[in-house]
Structure formats: structure tokens, C-alpha cells
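Trainee: Got a structure here, written out as C-alpha cells. Questions coming.
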Amino acid sequence: MRGGSGQTFNASLGSIKSRYSRMPSALDGFEQQPVSHAVTDARCKELGGKLIGQPTRIMREHFKLGVEEDSDAPECDELSRGQRVLRGAKHALYAPVRLYLHIAYSCRPSTTSKEARAAQWAALHSPTRYLLSLMVGFGPPSYFFFNIRYPLALVTLLIVVNCAYDTLETLYPDLPEFATNHLWGIFRQGTFAISVVLGFKVNQVYQRIWLARQAYGGLCGNLNALAQLMHLYADSMDAIREDEEEKRASLDEINRYCVCYAYALIMQLLTLDHLPSEARHLISQAEINLLESTKKPRKFVHFHLQDLILRFDLRTEHYLSVQRLLTEAEMNAGTCRRIKFTPLPFGLSLVTTGFIMLWLVLLPFGLTDARAANSGFSLSTAILSTWTSGLGLFILSAMLLCVDEAANQLEDPFHSLPLFDATKTAMAHLSMVPDDFAKLRAAAG
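Reminder that position 274 of the sequence shown reads as 334 in this note's numbering, one-by-one numbering, no gaps.
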């Protein structure tokens with residue numbers, strides 16, 4: 061090992077590394093303890109060891125079994141809240157509430173907190189999706205009607221005013237008539253422009269979410285490949301076999317900091333001010349404080365991984381291979397960060413949303429004149445026809461605003477991606493690297 065490489069860190073990190081410089085002397089004690097989110101310094105001292113070299117088995121069990129109670133993952137809190145209310149609503153009077161919660165919460169697959177596997181795909185392609193689509197504006201994950209309540213209320217008010225005036229015209233023919241019939245033809249021709257504007261915006265935001273998913277998936281793949289190569293190259297280094305304990309400690313630290321790399325990026329993408337609980341058990345509290353105090357936690361972890369790699373006397377070609385993976389991981393992380401902090405041009409968003417809003421605000425005044433449309437019908441039929449047209453216009457307005465709101469939410473794609481579940485899956489594979497590699501070497505003799 062290269063003893064001088066630790067000097068590249070600052071004084072704070074150097075003191076941490078000097079305290080945690082060897083394997084625990086009581087590995088069994090670590091393995092018998094339940095998985096914890098934060099292994100404190102006092103606990104390390106109680107076990108008679110240091111944190112560096114913490115058995116990868118703990119990391120593997122954590123990501124295999126998961127820890128639900130303290131997780132920072134957005135495991136669809138709305139779903140769990142709805143299920144709690146559903147369980148509490150036992151009285152018969154709560155039947156409508158139970159039906160609403162069942163349709164708007166329980167029946168919906170959670171694609172923002174979990175990756176789509178067999179169960180999610182079955183729910184997404186189930187015939188019940190037609191029933192769920194009737195409640196599209198309510199419930200998670202988008203809460204469309206709540207988010208569009210103000211523009212929808214304005215459009216609804218205009219529709220009600222227009223229908224009320226048409227009703228008065230039907231009842232009192234002497235009321236003054238406004239010449240707005242010609243607007244109806246203009247709005248019918250404008251429907252094509254509306255579809256083009258909405259299609260363009262939805263296409264742009266979908267490209268952002270797909271690029272974000274590719275970049276983050278590539279990052280997790282790079283970290284997995286880096287850990288695998290380091291185990292492979294370190295095992296082939298005959299020059300340091302006499303220092304096997306230190307080598308194993310450094311490899312274990314590389315594994316743990318690869319996990320921290322992914323979660324440090326999540327801190328930036330979800331604008332968290334703390335390291336997610338899924339990674340807090342992997343490093344000491346002092347390291348956590350240092351990570352959370354820096355302005356660029358991802359760069360901090362990247363620099364520490366560079367330092368760990370330099371501890372090994374790798375061959376030039378091996379070092380270049382590992383460095384290439386780390387560089388690609390940094391490039392993918394940079395892509396995610398650029399997507400996060402570079403929205404669509406604000407002028408473009410204003411034009412698309414403003415076009416839809418102006419179209420919907422003026423549309424009620426372009427309804428066919430009640431006197432001409434309802435001539436020859438009875439009074440009650442004419443009034444019913446007027447308000448039925450208003451109801452249809454309300455539904456059309458709500459759907460158009462929902463599409464625009466969906467595009468607006470997808471503009472920041474990382475709140476719609478299952479980052480925690482994807483990370484948990486990738487890091488579970490990473491935590492199995494040491495055991496799989498040892499089995500492979502044993503099978504090869």
C-alpha cells in the first residue's frame with residue numbers, strides 16, 4: 061500500500077482515516093448485530109474495532125432486506141396514508157371514502173418509488189386501468205386537480221357565467237345578445253394548434269426523464285464495475301499479499317464509498333440536506349458530518365474514491381481501466397445534475413401554458429348561441445342542453461390542464477423516478493461482489 065496517499069486529504073479526513081486504519085477485531089460482533097442506520101463511534105469502540113473494514117455482509121443484508129422504518133425513500137407516503145385511513149374507516153358511513161381511497165390509492169401501482177417489476181407491469185396492464193383513469197385527477201402520484209385548482213376554478217367560473225347567461229337568454233329573449241358565434245369556428249380550428257403545442261412539450265419532458273434514467277442507471281453500473289475490477293486487480297497483486305488485512309479493509313471501504321457516491325448524488329438531485337438513511341450505516345458519524353457540511357458531497361466522495369484507488373500499486377493498464385469507470389460515473393452524475401438544474405426555457409413554458417390558458421378562458425364565450433342552438437326545443441330541453449355543453453367544456457378543460465400539469469411535473473424528472481429503489485437494487489449487487497469473487501476463485505482452484 062502507498063502510505064503517503066492519505067496526505068492528499070485535508071486534516072479533518074486525515075484524522076478520521078488515522079482513527080479507522082485497521083479491520084475490526086471483533087467481526088463476529090458486527091455480524092451478530094442487527095443492521096443499523098448509523099454505526100456510532102461508541103459502538104465501534106465497544107466492539108473493540110474501527111469502522112473501516114466493516115464487513116460487507118452488513119451492507120449486503122441492508123440492501124437485501126431493506127430498512128423501512130427510517131428510509132428517506134419516497135415510498136409513496138400518500139399511499140401509506142390512504143391505506144391507514146382505509147383501515148380506520150370501518151363504519152358503514154365511510155363506504156364512499158373507502159371506495160375513493162381504494163381507487164385513488166390502493167389500486168394504483170407505485171412507479172415513482174419502485175422499479176416496474178412483474179407485479180407493477182401486471183397492474184399497469186390490468187383492465188382496471190380504465191376504471192382508475194376515471195379518477196385521473198385525484199390521488200398520487202400527481203394530484204392533478206389539486207395542482208390545477210386555480211386555473212380550473214377560473215375556467216369553471218367563466219363556464220358557469222356563460223351557461224347562466226345563455227339560460228337567461230332562453231328564459232328572457234329580450235336580453236341583449238352578444239355576437240360571439242363566430243368564435244366557435246375559430247376555436248374548432250385552434251384544436252390542432254393545441255395538440256401540436258401539448259405534443260411538443262410532452263415530447264421534450266419525456267426526453268428529459270429518459271435521459272435522466274439512462275444517466276443514473278449508467279452511474280450505478282459504473283460503480284458496480286469499479287468495485288468488481290478493484291477486487292479482481294487487487295487479488296492479482298502478489299506484491300502486497302503480506303498485507304492482506306489492510307487490502308481487504310481498503311476494498312471494503314471502496315465498496316462502501318461506491319454506495320455513498322450514489323446517495324450523495326441523490327442528495328443533490330432531490331435537494332436533501334442530509335445523507336439518506338440507507339447509506340448512513342456505512343460510514344462513521346464524523347464522516348457523515350464532513351460529507352453533509354461540504355457544498356459538493358458528490359465531489360467529496362469522488363475524491364475519496366480516487367484516494368482509495370491510489371493506495372493500490374496497480375499496473376498502468378489496470379489503473380487506466382478503473383479510472384475510466386470512475387470518470388464515466390462522474391460524467392453520468394454530471395448529466396443528472398445538468399438535467400436537474402437546467403429546466404426547459406421559461407419562455408417556452410410560458411408560451412405553451414399561456415396558449416392553453418387563453419384558449420380555455422376564451423372558449424366559453426365561443427359556445428354556440430343558445431337562441432339559435434335551442435330553437436325548436438322545449439324550454440327545459442334547451443336549458444338542459446346549455447348546461448350539458450358546459451359540463452362537457454369543463455371536462456375538456458380539466459383534461460387539457462391535467463396534460464399540461466403532467467408535462468410540468470416531468471420537467472424535473474428525478475421526483476418521478478424510483479431513485480431509491482434503483483439504487484438499492486444496484487448496491488445489493490455491489491455488496492455481493494466480495495463473496496461472489498471468493499466463490500469464483502475457489503471454484504477456479
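All residues carry an ideal CB built from backbone N, CA and C; glycine is no exception.
1. Is E175 helix, strand or coil by DSSP?
2. Taking just the CA atoms, how far does L374 sit from R501?
3. Contact check, V215 vs S457 under 8 Å by CB: the rounded distance?
4. Among P156, S353, T171 and E304, whose alpha-carbon lies nearest the alpha-carbon of M327?
5. Report yes if the C-beta distance between L351 and L368 is below 9 Å; otherwise report no.
6. With H, G and I counted as helix, E and B as strand and the rest as coil, what does DSSP make of H185?
7. Rounding to the nearest angstrom, what Cα-Cα distance links L385 and L286 in this structure?
8. What's the C-alpha gap between N70 and L161?
9. Would you kindly check if the distance between the Cβ of M417 and the Cβ of A211 is under 9 Å?
10. Look at the alpha carbon of E313 and the alpha carbon of T331, and state the distance between them as a whole number of angstroms.
11. Would DSSP call F372 helix, strand or coil?
12. Measuring straight from C-alpha to C-alpha, what distance separates L311 and R209?
13. Three or more C-beta pairs under 8 Å: does that hold for the region 192-207 against the region 220-227?
14. Please name the residue, chosen from C318, L460 and L470, that lies closest to T402 on a Cα-to-Cα basis.
15. For the candidate residues I455, L325 and W419, whose alpha-carbon lies nearest to that of K400?
16. Please specify which runs of the alpha helix (DSSP H), each continuous and at least 4 residues long, are wholly inside the region 334-386, giving them in chain order.
17. Kindly indicate which three-state DSSP category G197 falls into: helix, strand or coil?
18. My output table needs one value for Y276: the three-state DSSP class, helix, strand or coil.
19. Have a look at E377, T188, A482 and S166 and flag the residue whose alpha-carbon is nearest the alpha-carbon of L289.
20. Decide if G109 is buried, meaning its Cβ has at least 16 other Cβ atoms within 10 Å, or exposed.
21. May I ask you to verify whether the region 484-495 touches the region 407-415, counting CB pairs closer than 8 Å and requiring at least 3?
22. What residue does the alpha helix (DSSP H) around R168 start on, and which one ends it?
23. Please report the straight-line C-alpha distance between H489 and G281, rounded to a whole angstrom.
24. Can you tell me where the alpha helix (DSSP H) with E229 in it begins and where it stops?
25. Of all the options A183, F474 and F480, which has the alpha carbon lying nearest to the alpha carbon of E338?
26. Ignore the nearest five residues each way along the sequence and tell me which others in I269's own chain have a CB closer than 8 Å to its CB.
27. When burial is assigned at 16 or more other CB atoms within 10 Å of the CB, is I246 buried or exposed?
28. Relative to the C-alpha of Y190, which candidate in I455, E229 and I163 has its C-alpha closest?
29. Nearest to T441 by alpha carbon, out of L231, F204, S173 and S255?
30. Span of the alpha helix (DSSP H) holding M487?
31. When the Cα atoms are used, what is the spatial distance from F206 to E465?
32. Using 10 angstroms around the beta-carbon of I455, count the other beta-carbons present and answer buried if the total reaches 16, otherwise exposed.
Mentor: Looking at the coordinates:
1. One-based indexing of the sequence shown puts residue 175 at position 115. In the structure shown, E175 falls within a coil segment according to DSSP collapsed to helix, strand and coil.
2. Within the sequence shown, residue 501 is the residue found at index 441, counting from 1. Within the sequence shown, residue 374 is the residue found at index 314, counting from 1. The straight-line gap separating the alpha-carbon atoms of R501 and L374 is approximately 20 Å.
3. Taking the sequence shown and counting its residues from 1, one reaches residue 215 at position 155. Taking the sequence shown and counting its residues from 1, one reaches residue 457 at position 397. With a beta-carbon spacing of about 5 Å, V215 and S457 fall inside the 8 Å limit used to define contacts.
4. Locating residue 327 in the sequence shown gives position 267, counting from the first residue. The residue among P156, S353, T171 and E304 with its C-alpha nearest the C-alpha of M327 is S353.
5. The residue given as residue 351 occupies position 291 in the sequence shown. The residue given as residue 368 occupies position 308 in the sequence shown. At least 9 Å separates the beta-carbon of L351 from that of L368.
6. Translated into the one-based positions of the sequence shown, residue 185 becomes position 125. Three-state result, H185: coil.
7. Along the sequence shown, read from residue 1 onward, the residue named residue 385 stands at position 325. Along the sequence shown, read from residue 1 onward, the residue named residue 286 stands at position 226. Roughly 6 Å between the two C-alpha positions.
8. Looking up residue 70 in the sequence shown gives position 10. Looking up residue 161 in the sequence shown gives position 101. Its pLDDT being 42, under 50, N70 is placed unreliably by the model, and the measurement read from it follows with that caveat. Looking at the two C-alpha atoms, the distance is approximately 53 Å.
9. Reading the sequence shown from its first residue, position 151 is the one you call residue 211. Reading the sequence shown from its first residue, position 357 is the one you call residue 417. The identity of residue 211 in the sequence shown is Pro, whereas the question assumes Ala. Taking 9 Å as the Cβ cut-off, P211 and M417 qualify as a contacting pair.
10. As a working note, residue 313 is residue 253 in the sequence shown. As a working note, residue 331 is residue 271 in the sequence shown. Rounded to whole angstroms, E313 to T331 spans 26 Å at the Cα level.
11. Position 312 of the sequence shown, counted from the start, is the residue given in the question as residue 372. Under the three-state reduction of DSSP output, F372 falls in the coil class, being neither helix nor strand.
12. On the sequence shown, residue 311 is found 251 positions in, with the first residue counted as 1. On the sequence shown, residue 209 is found 149 positions in, with the first residue counted as 1. Rounded to the nearest angstrom, the two C-alpha atoms are 54 Å apart.
13. Touching, no.
14. Against the sequence shown, residue 402 aligns to sequence position 342. For T402, the closest alpha carbon among the candidates C318, L460 and L470 is that of L470.
15. Translated into positions along the sequence shown, residue 400 becomes position 340. With distances taken between Cα atoms, K400 lies closest to L325.
16. Those alpha helix (DSSP H) runs which fall completely within the region 334-386 and span 4+ residues are 337-340, 345-353 and 357-370.
17. On the sequence shown, residue 197 is found 137 positions in, with the first residue counted as 1. When secondary structure is reduced to three states using DSSP, G197 falls in the coil class, being assigned neither helix nor strand.
18. Against the sequence shown, residue 276 aligns to sequence position 216. DSSP, reduced to helix, strand and coil, places Y276 within a helical segment of the structure shown.
19. Position 229 of the sequence shown, counting from 1, holds the residue named residue 289. Among E377, T188, A482 and S166, the Cα nearest to that of L289 belongs to E377.
20. Locating residue 109 in the sequence shown gives position 49, counting from the first residue. The predicted position of G109 is uncertain, since its pLDDT is 36 and thus under 50; a value taken from the coordinates is nonetheless stated next. Flag for G109 reads buried.
21. No: the two stretches stay apart, fewer than three of their Cβ pairs being nearer than 8 Å.
22. Here the question's residue 168 lines up with position 108 in the sequence shown. Neither: R168 is in no alpha helix (DSSP H) and is coded neither H nor E.
23. Start at 1 with the first residue of the sequence shown, and residue 489 comes out as number 429. Start at 1 with the first residue of the sequence shown, and residue 281 comes out as number 221. One alpha carbon belongs to H489, the other to G281, and they sit about 10 Å apart.
24. What you label residue 229 is simply residue 169 of the sequence shown in a count that begins at 1. Here the alpha helix (DSSP H) through E229 covers R209 to L231.
25. What you label residue 338 is simply residue 278 of the sequence shown in a count that begins at 1. Cα-wise, what sits closest to E338 is F480.
26. As a working note, residue 269 is residue 209 in the sequence shown. Shown here for I269: same chain residues with a beta carbon closer than 8 Å to its own, the five before and five after excluded, namely L470, P473, S476 and L477 in chain order.
27. If you number the sequence shown from 1, residue 246 lands on position 186. Exposed: under 16 other Cβ atoms inside 10 Å.
28. Residue 190 sits at position 130 when you count from the first residue of the sequence shown. The residue with the shortest Cα to Cα distance from Y190 is I163.
29. As a working mapping, residue 441 is identified with position 381 in the sequence shown. The shortest C-alpha separation from T441 is found at L231.
30. As a first step, residue 487 is located in the sequence shown; it is residue number 427 there, counting from the start. The continuous alpha helix (DSSP H) containing M487 extends over residues L479 to S491.
31. Reading the sequence shown from its first residue, position 146 is the one you call residue 206. Reading the sequence shown from its first residue, position 405 is the one you call residue 465. For F206 and E465, the distance between alpha carbons rounds to 11 Å.
32. Taking the sequence shown and counting its residues from 1, the one referred to as residue 455 is at position 395. So I455 ends up on the exposed side.
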